[in-house]
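Residue numbers (our numbering), protein chains in the order written: chain F, 220 to 327; chain W, 3 to 116.
Glycine residues also receive a C-beta, built at the ideal position from the N, C-alpha and C atoms.
Every value quoted in this text rests on a predicted model; they were computed, and no experiment measured them.
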Amino acid sequence: AQRVTQPEKLLSVFKGAPVELKCNYSYSGSPELFWYVQYSRQRLQLLLRHISRESIKGFTADLNKGETSFHLKKPFAQEEDSAMYYCALETSGSRLTFGEGTQLTVNP
Amino acid sequence: GAGVSQSPSNKVTEKGKDVELRCDPISGHTALYWYRQSLGQGLEFLIYFQGNSAPDKSGLPSDRFSAERTGGSVSTLTIQRTQQEDSAVYLCASSLSGRARTQYFGPGTRLTVL
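In structure tokens, the structure reads:
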């Protein structure tokens with residue numbers, strides 16, 4: 220069965236510090252992975268997806284099939300990055316299986 | 003253009019009553035999804051529509067839950083005989099068809115069952 224694990228429910232860093240949000244998955248098929256973000260009082264929105272190999276708002280994520288991980292990284296965190304981050308795995312029929320989310324707080 | 007919209011934004015009901023939640027997807031999006039976001043359960047998939055058909059209903063938690071989509075557009079999620087454990091935020095998303103498509107989420111309907 221597919222599963223997404225985000226081990227940290229809460230993560231707090233200072234502005235300008237590097238940040239890494241961890242995500243591990245289990246899936247027998249070929250994974251399609253995403254990071255979605257929910258800022259305060261806003262709707263859930265896509266941050267990035269591995270297939271695009273893009274950097275959005277300074278964030279990157281590399282799919283490591285050997286370690287079954289898709290960690291989200293940013294070298295210098297900003298206060299506006301404070302939000303809830305969800306790692307998601309696309310499985311059959313394009314449904315998304317989400318991790319439980321990590322609440323990131325960037326302190327000034 | 004307009005994003006995904008959902009109504010009502012909030013719904014308070016009594017245990018045992020039926021409720022209907024509505025989703026208006028982005029025009030032209032053939033795929034539509036319902037998810038539920040609740041404390042302790044995170045975001046759970048409920049059902050997926052491709053056009054008007056629902057090839058994946060595996061996430062519906064019980065036979066009290068049903069959903070339909072008409073005209074390849076608007077979808078309604080119905081919960082019959084609501085229970086307190088149904089209290090959650092119900093999210094709708096839509097996308098173009100195909101793998102690794104971006105799902106665009108609505109603002110959600112917060113359901114509270116007293």
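So with Cβ pairs under 9 Å, would you call F/L265 a contact of chain W?
yes
Would you decide whether W/S132 is buried or exposed? Buried here means 16 or more other CB atoms lie within 10 Å of its CB.
What is shown of chain W runs 3 to 116, which leaves residue 132 of chain W out entirely.
Let me see if you follow: with CB-CB separation under 9 Å, is W/P119 close to chain F or not?
This structure cannot speak to residue 119 of chain W, because chain W is shown only from 3 to 116.
If you run the structure through DSSP and keep just helix, strand and coil, what is W/I28?
coil
Among W/L23, W/S11, W/G18 and W/S9, which has the Cα closest to the Cα of W/T80?
W/L23
Can you tell me whether F/D281 is helix, strand or coil according to DSSP?
Three-state DSSP puts F/D281 in coil, outside helix and strand.
Just to confirm, is the Cβ distance from F/V256 to F/V325 under 9 Å?
no
At what residue ranges does the region 47-115 of chain W contain a whole run of the alpha helix (DSSP H), taking only runs of 4 or more?
none
Considering only the beta carbon of each residue, do F/P294 and F/P250 sit closer than 9 Å?
no
Looking at the C-beta of F/T287, does it have a partner C-beta in chain W at a distance below 9 Å?
Chain W has no Cβ within less than 9 Å of the Cβ of F/T287.
Between the Cα of F/E286 and those of F/S245, F/L229 and F/Y304, spot the shortest distance and give me the residue it belongs to.
The shortest C-alpha separation from F/E286 is found at F/S245.
Output yes if chain W places a C-beta closer than 9 Å to the C-beta of F/F317; else output no.
yes
What does the Cβ neighbour count give for F/P327, buried or exposed, with the cut at 16 atoms within 10 Å?
exposed
Leaving out the 5 sequence neighbours to the left and right, which residues in its chain are closer than 8 Å to W/V21 when beta-carbon positions are compared?
Correct list, in chain order: K13, T15, T80, I81, T84 and L113.
Considering only C-alpha positions, which residue in the set W/G74, W/L45, W/G44 and W/P63 is nearest to W/S55?
W/G74
According to DSSP, is F/E251 part of a helix, a strand, or is it coil?
strand
By the criterion of Cβ-Cβ separation under 7 Å, what are the contact partners of W/Y35 in chain F?
Residues of chain F passing the Cβ test: R314.
Pull up the CB-CB distance for F/Q322 and F/K234, whole angstroms please, since I reckon it's below 8 Å.
Taking a contact as a CB-CB distance under 8 Å, the pair F/Q322 and F/K234 does not count as one, their CB atoms being some 17 Å apart.
Which value, in whole angstroms, describes the spacing of the CA atoms of F/L308 and W/V6?
21 Å
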